[in-house]
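Participant: If you scroll down you'll find the structure; I have some questions about it.
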Amino acid sequence: MPSSSQDWPNITFSGHETFTLRSNWLKKAFDLLQDIPDLFRRDDAFVLLGVGKNMAQSIRFWGRATGLFERTETGDMRATELGVALLADNGWDPFLVTAAGRWLLHYQIVSNPDPAFTWYYTFNVLKRGDFTVNSIRSNIIDFINRKINKMPSENTLNRDIDCMVRCYVRTPARSLVQPLEELLHCPLLDLNLIQALPDQSGYRLASGAQPDLPDALVALAAFRQARWQQRATLSFNDLAYGERSPGRIFRLDEDSLLSRLFLLEEITGGVASYSDSGGIRQVIWRDLNQSQLERKLIESAFASENTYA
1 MPSSSQDWPN ITFSGHETFT LRSNWLKKAF DLLQDIPDLF RRDDAFVLLG VGKNMAQSIR
61 FWGRATGLFE RTETGDMRAT ELGVALLADN GWDPFLVTAA GRWLLHYQIV SNPDPAFTWY
121 YTFNVLKRGD FTVNSIRSNI IDFINRKINK MPSENTLNRD IDCMVRCYVR TPARSLVQPL
181 EELLHCPLLD LNLIQALPDQ SGYRLASGAQ PDLPDALVAL AAFRQARWQQ RATLSFNDLA
241 YGERSPGRIF RLDEDSLLSR LFLLEEITGG VASYSDSGGI RQVIWRDLNQ SQLERKLIES
301 AFASENTYA
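This is how it looks when you write it as structure tokens:
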């Protein structure tokens with residue numbers, strides 16, 4: 001588990017160019033990358049993508065942040081195995097319109113500190129449910145000083161926090177006439193994971209049952225958390241409140257998380273099970289080296305979608 005600056009070598013606080021992820025960007029870039037692997041190194045990338053210059057770089061950022069694109073040894077970009085499975089014409093959800101697609105994007109972004117560290121910090125490390133831009137900036141700076149020693153400028157950090165908030169909180173239109181790309185909203189908005197406080201003084205991380213969150217994605221998060229911690233047994237508190245836990249990342253209340261954990265044995269085909277013996281609540285993984293389990297769980301999450309949301 002990360003404990004020193006050596007464990008956080010690649011965290012960044014920029015690259016999105018202040019643009020939130022848009023619903024059509026990843027499919028558009030995926031299709032172009034099949035024939036133009038050097039797309040994001042070309043001067044005309046923004047023309048090919050049909051967006052502004054800065055938006056083209058933002059698409060590259062979001063492709064990496066979601067784990068759907070990766071950089072090759074030659075500096076080009078290509079779709080990852082997950083990217084192909086999700087975004088191909090016959091993929092699980094190429095246009096990212098299902099609840100499973102939205103939750104998966106959220107999970108992919110916030111479960112990895114590189115490259116979207118502010119997102120990671122907010123959903124994994126932040127202690128309080130309520131926050132302001134000033135308070136979370138102060139908390140991140142303190143964390144960086146203690147753990148990483150890689151301080152961004154205050155302006156860079158402010159822009160990063162602002163972009164993170166706008167991914168989850170709807171803001172009024174800046175003008176009555178806006179370009180098409182400005183009208184396309186971020187798919188993470190529909191998750192309602194961050195809400196503006198009634199008096200507009202700050203924001204709140206909203207916990208609840210998350211009824212449209214597929215059980216298989218909860219299992220995926222629990223599996224990856226166990227692998228990250230290199231522990232086959234995790235307590236209920238670990239799964240509810242620990243870093244990279246399904247409870248924290250998906251903002252599940254305790255009762256809702258518990259009801260999902262009851263299903264683990266069925267969902268994982270017996271690889272994991274929930275135990276409540278002697279008052280000790282825990283999840284036990286029989287094998288953390290199941291190389292195909294992650295893909296099976298993600299595929300199962302999309303199979304549970306009966307209709308597009």
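Quick note on numbering: the UniProt record's numbering labels position 28 of the sequence shown as 28, and the sequence is numbered without any gaps. We put the CB at the ideal spot given by N, CA and C, even for glycine. Just so we're clear, the structure is a prediction, and the values are computed from it rather than from any experiment.
Would you list the one or two residues that DSSP bridges to Phe131?
Facilitator: Along the sequence shown, read from residue 1 onward, the residue named residue 131 stands at position 131. DSSP lists Tyr203 as partners of Phe131.
Participant: Hey, which unbroken runs of the beta strand (DSSP E) at 3 residues or more fall wholly within the region 257–301?
Facilitator: Runs of the beta strand (DSSP E) inside the region 257–301: 272–277, 280–285.
Participant: Fully enclosed by the region 64–146, which beta strand (DSSP E) runs are 3 residues long or longer?
Facilitator: Entirely contained in the region 64–146, the beta strand (DSSP E) runs reaching 3 residues are, in chain order, 69–71, 77–79.
Participant: Could you check if Ala240 is buried or exposed, using at least 16 other CB atoms within 10 Å of its CB as the buried criterion?
Facilitator: Residue 240 sits at position 240 when you count from the first residue of the sequence shown. Flag for Ala240 reads buried.
Participant: From Gln292 to Gly269, what distance separates their C-alpha atoms?
Facilitator: As a working note, residue 292 is residue 292 in the sequence shown. As a working note, residue 269 is residue 269 in the sequence shown. Going from the Cα of Gln292 to the Cα of Gly269 covers about 12 Å.
Participant: If you draw a straight line from the alpha carbon of Val177 to that of His185, how long is it in whole angstroms?
Facilitator: Working through the sequence shown from its first residue, we reach residue 177 at position 177. Working through the sequence shown from its first residue, we reach residue 185 at position 185. Caution applies to Val177, whose pLDDT of 40 falls short of 50 and renders its modelled position unreliable; the value that the coordinates give is listed next. Each residue's Cα considered, the two are about 15 Å apart.
Participant: With a threshold of 8 Å, are at least 3 pairs of Cβ atoms found where one atom belongs to the region 67–78 and the other to the region 33–47?
Facilitator: Enough Cβ pairs lie closer than 8 Å, so yes.
Participant: Could you pull out every residue in the same chain whose Cβ sits closer than 8 Å to the Cβ of Val165, ignoring the five residues on either side in sequence?
Facilitator: What you label residue 165 is simply residue 165 of the sequence shown in a count that begins at 1. Within the same chain, Val165 has close Cβ partners Val133, Ile194, Tyr203.
Participant: Can you list, in chain order, the residues of its chain with a C-beta nearer than 7 Å to that of Leu126? Leave out the 5 residues immediately preceding and following it.
Facilitator: If you number the sequence shown from 1, residue 126 lands on position 126. The residues are Ile136, Asn139.
Participant: How far does the alpha helix (DSSP H) with Leu234 in it reach, from first residue to last?
Facilitator: Here residue 234 is taken as the residue at index 234 of the sequence shown, counted from 1. From DSSP, Leu234 is part of no alpha helix (DSSP H) but of the beta strand (DSSP E) over 233–235.
Participant: Is the beta carbon of Ala209 sitting closer than 8 Å to the one on Ser256?
Facilitator: If you number the sequence shown from 1, residue 209 lands on position 209. If you number the sequence shown from 1, residue 256 lands on position 256. For Ala209 and Ser256, yes; Cβs fall inside 8 Å.
Participant: By how many angstroms is the C-alpha of Leu49 removed from the C-alpha of Lys28?
Facilitator: Stepping through the sequence shown from its first residue, residue 28 is reached at position 28. Stepping through the sequence shown from its first residue, residue 49 is reached at position 49. Each residue's alpha carbon lies about 7 Å from the other.
Participant: Would the region 99–116 and the region 249–265 be scored as touching if the rule is three or more Cβ pairs under 8 Å?
Facilitator: Short answer: they touch.
Participant: Please state whether DSSP places Ile36 in a helix, a strand or coil.
Facilitator: On the sequence shown, residue 36 is found 36 positions in, with the first residue counted as 1. Coil at Ile36, not helix or strand.
Participant: Leaving aside the five residues before and after Phe13 along the sequence, list all residues of the same chain whose C-beta is less than 7 Å from its C-beta, in chain order.
Facilitator: Taking the sequence shown and counting its residues from 1, the one referred to as residue 13 is at position 13. Around Phe13: Phe117, Thr118, Pro152, Thr156, Leu157, Asp160.
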